[in-house]
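Structure first, commentary second.
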Amino acid sequence: NAGVTQTPKFRILKIGQSMTLQCTQDMNHNYMYWYRQDPGMGLKLIYYSVGAGITDKGEVPNGYNVSRSTTEDFPLRLELAAPSQTSVYFCATRGAHGDTQYFGPGTRLTVL
Amino acid sequence: SQELEQSPQSLIVQEGKNLTINCTSSKTLYGLYWYKQKYGEGLIFLMMLQKGGEEKSHEKITAKLDEKKQQSSLHITASQPSHAGIYLCGADQYGGATNKLIFGTGTLLAVQP
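Just so you know, the protein sequences line up as chains A and B, in that order. So for the first sequence, this note's numbering puts the first residue at 153; every next one is plus one. So for the second sequence, this note's numbering puts the first residue at 163; every next one is plus one.
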């Protein structure tokens, strides 16, 4: 089992560019989450999904979009990158209510 | 809204010393999770506590959830350099009414050999 995988590990974008952060899990978990972690700060929830075809906004969704066409994949899209989106992005999954979350290794994004 | 506050924000201890990290919630905790994060890596799950007064241990790390269920502590005995990293607490938001966790801001631990 690979668990939760994220690609790429690092990326530098120019202002206004777009990109997709990939997240794939092989644990057959229904719940999936995208967080961003800024220096010295905790995790902020961007978007989450409770199952294929269902997504919902978290605390900081502006500037991002997601889709969940399959149980395994939960990509995060940045349409017009801004310096404020410089952060480390983590994808996480959860098997059931009351279970812990399992995190991917993260994607470090810099927008210049 | 429910918030988690961790203290201290950072901690430097000498190898072999004991230490405690606290996580205080603004509302009653129904599921409290402790994670460890090494720089540049994802979060590793340590322990989960659900019942007031519950205590769990793994190797030299012990976590407790107080009786009133609004605070949890993480205690490390005889710290080692391998314990260094960022420790985060997470909790089921609003007692699990949502499917989301909220997180504290983290405690940065450095262990000096």
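Don't be surprised by glycine CBs; every beta carbon is placed ideally from N, CA and C.
For residue i, count neighbouring Cβ atoms within 10 angstroms of its own Cβ and tell me buried if that reaches 16, exposed if not.
i                      : result
residue 254 of chain B : buried
residue 173 of chain A : buried
residue 237 of chain A : buried
residue 200 of chain B : exposed
Could you check the C-alpha separation between residue i and residue j for me, to the nearest Å?
i                      : j                      : result
residue 263 of chain A : residue 223 of chain A : 30 Å
residue 182 of chain A : residue 201 of chain A : 8 Å
residue 211 of chain B : residue 250 of chain B : 14 Å
residue 180 of chain B : residue 208 of chain A : 42 Å
residue 253 of chain A : residue 242 of chain A : 11 Å
residue 162 of chain A : residue 229 of chain B : 43 Å
residue 274 of chain B : residue 222 of chain B : 17 Å
residue 184 of chain B : residue 194 of chain A : 15 Å
residue 244 of chain A : residue 177 of chain B : 32 Å
residue 227 of chain B : residue 234 of chain A : 41 Å
I'd like to check one pair, residue j with residue i: are the Cβ atoms closer than 8 Å?
i                      : j                      : result
residue 204 of chain B : residue 210 of chain A : no
residue 247 of chain B : residue 208 of chain B : no
residue 239 of chain B : residue 168 of chain B : no
residue 205 of chain A : residue 193 of chain B : no
Which residues of the segment 248–271 of chain B have a Cβ closer than 7 Å to any Cβ of chain A? Give them in chain order. So the list reads 250, 258, 261, 262, 263, 265, 266, 267, 268, given in the order they occur along the chain.
Contacting positions in the segment 245–263 of chain A - beta carbon closer than 9 Å to chain B: Taking 9 Å as the upper bound on Cβ-Cβ separation, chain B lies near residues 246, 249, 250, 251, 252, 253, 254, 255, 256, 257, 258, 260 of the segment 245–263 of chain A.
Residues in the segment 184–202 of chain B having any Cβ partner in chain A nearer than 7 Å: Cβ contacts with chain A: 193, 195.
Taking Cβ-Cβ distances below 8 Å as the criterion, which residues of the segment 195–220 of chain A are in contact with chain B? Hits within the stretch, in order: 195, 197, 200, 202, 210.
Residues in the segment 160–172 of chain A having any Cβ partner in chain B nearer than 8 Å: Here the close residues number zero.
Give, in chain order, every residue of the segment 202–227 of chain B whose Cβ lies closer than 7 Å to some Cβ of chain A. With the criterion set as a beta carbon lying under 7 Å from some beta carbon of chain A, the members of the segment 202–227 of chain B are 203, 204, 205, 207, 210, in sequence order.
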